[in-house]
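Written below as structure tokens is the structure these notes are about.
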Amino acid sequence: MKIALPSHRGTLVAVAGATSPAKTEIVDALAKHLGPATLTIGTRSQPDPETSIDALAKVDGRAAEDAITIVRMAESAAVRASNLVITARPVLDELARYRAARKIRHEYVQHHVMRRVEDTVAWEAADYDFVVWSRSPFPSPGVRAFEAALSEVLKDLCVPYHSLCPPLINETVERLVASIAR
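Residue numbers for the sequence shown follow numbering that gives the first Met the number 0, so the first one is 0 and each next one is one higher.
Printed below as a string of structure tokens:
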């Protein structure tokens with residue numbers, strides 16, 4: 000059963016993954032096939048923090064909570080404004096970033112921030128109608144750590160997803176678009 004917040008009116012598609020260029024390629028291809036009424040949010044010009052282990056290791060629970068709050072505010076506003084929204088910076092990425100950082104720092108002890116972040120994401124992730132996982136064909140160590148954590152997140156939260164390794168083939172995107180419930 001899908002849990003939806005009252006503000007959730009449109010279809011919300013998440014493009015998760017470690018690298019901005021790969022996610023942007025997928026967002027652009029999906030938006031092209033889904034039409035001009037598609038609203039895209041979360042694309043960024045700055046490199047993602049997963050590009051280095053050092054940057055990824057610095058992510059802590061409070062930073063994850065703040066990032067999740069900001070992402071959800073943007074997504075909630077977007078689904079009120081458009082029937083079809085593609086987000087390239089989903090809550091799933093923030094949780095994967097947080098889990099990867101914990102593993103890199105060898106933190107296995109549960110504490111209140113960890114539980115609060117994970118509970119928040121479990122609730123918020125129920126809003127995604129579909130997730131496209133943009134996998135990296137040649138991952139760096141930071142990207143490998145992130146992708147392992149993202150795999151766990153998708154498995155734990157049981158979110159419907161499809162994984163792709165760019166560059167994309169048009170037929171793959173057409174099949175993807177056909178599988179997104181609208």
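Cβ coordinates follow ideal geometry from the N, Cα and C atoms, glycine included. Here the structure is a predicted model, which means the values were calculated and not measured.
Query - Best match in 131, 59, 133 and 95 for proximity to residue 144 [C-alpha to C-alpha] - result: 95
Query raised in the report: Along the chain, where does the alpha helix (DSSP H) that runs through residue 23 open and close?
Result: 19 to 33
Query raised in the report: Nearest to residue 98 by CA position, among 82, 141, 173 and 135, is which residue?
Result: 141
Requested in this report: Sort out for me which residues DSSP pairs residue 69 with in a bridge.
Outcome: According to DSSP, residue 69 bridges with nothing at all.
**Report entry** Three-way DSSP call (helix, strand, coil) for residue 0 in this model
**Finding:** For residue 0, the predicted model reports a pLDDT of 32, less than 50, meaning its position is unreliable; a value from the coordinates is still stated below. Correct three-state label for residue 0: coil.
Query raised in the report: In the DSSP assignment, what residue or residues form a beta bridge with residue 163?
Result: Looking at the DSSP assignment, residue 163 forms a beta bridge with 133.
Query raised in the report: If we count the other Cβ atoms within 10 Å of its Cβ and call it buried at 16 or more, is residue 77 buried or exposed?
Result: buried
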